[in-house]
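Okay, so here's the structure we're looking at.
Numbering (UniProt numbering), first residue to last: 1 to 134.
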């Protein structure tokens with residue numbers, strides 16, 4: 001799609017399609033019942049989503065898809081770290097995830113596996129190029 005539309009157009013189509021798809025289950029007046037803190041957090045989440053997906057679409061326009069995938073593979077680890085930090089700073093509002101060492105180990109393995117699958121072909125090509133050059 002990026003050969004026909006620019007990244008902003010792609011994201012607009014995705015957002016409009018999802019908005020239409022989810023409309024039957026939406027209750028927008030419930031947002032008026034949020035506390036000021038909850039309202040600001042909701043706004044921050046909305047802005048974060050717009051910026052993140054815009055950056056994702058733009059990255060696809062400039063990078064190989066495998067490199068974008070490798071970058072996205074660290075998202076679970078960043079999420080764990082962000083929640084742990086937020087729970088430490090604001091324990092009354094954010095509760096830390098109850099994940100044991102096995103869970104963290106699994107997350108690391110998934111991220112490493114995703115990165116290896118995404119970056120493996122380019123790493124192997126680089127090694128082959130070095131061997132041919134010597």
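Ideal placement from N, C-alpha and C gives every residue a C-beta, glycine not left out.
Bear in mind the structure is a predicted one, so any value in this text is a computation, not a measurement.
Residues near residue i in its chain [Cβ-Cβ closer than 6 Å; skip 5 each side]
i	result
residue 59	68
residue 135	Residue numbering for the chain in the displayed model covers 1 to 134; residue 135 lies beyond these limits and cannot be assessed.
Selected residue, minimal CA-CA separation from residue i, among the options
i	options	result
residue 96	27, 102 and 86	86
residue 49	114, 15, 32 and 21	15
Cutoff 7 Å; reference residue i; Cβ partners in own chain excluding five residues on either side
i	result
residue 84	96
Integer Cβ distance of residue i from residue j, believed to fall under 8 Å
i	j	result
residue 73	residue 111	5 Å
residue 11	residue 54	6 Å
residue 7	residue 61	5 Å
residue 70	residue 107	Their Cβ separation, rounded to whole angstroms, is 16 Å, which puts residue 70 and residue 107 out of contact at 8 Å.
* Touch check for the region 75-91 and the region 30-38: three-plus C-beta pairs under 8 Å? -> no
* So, do the region 114-131 and the region 98-106 have three or more beta carbon pairs nearer to each other than 8 Å? -> no
* **Inter-stretch contact (C-beta, 8 Å, three-pair minimum) for the region 40-49 and the region 19-28** => no
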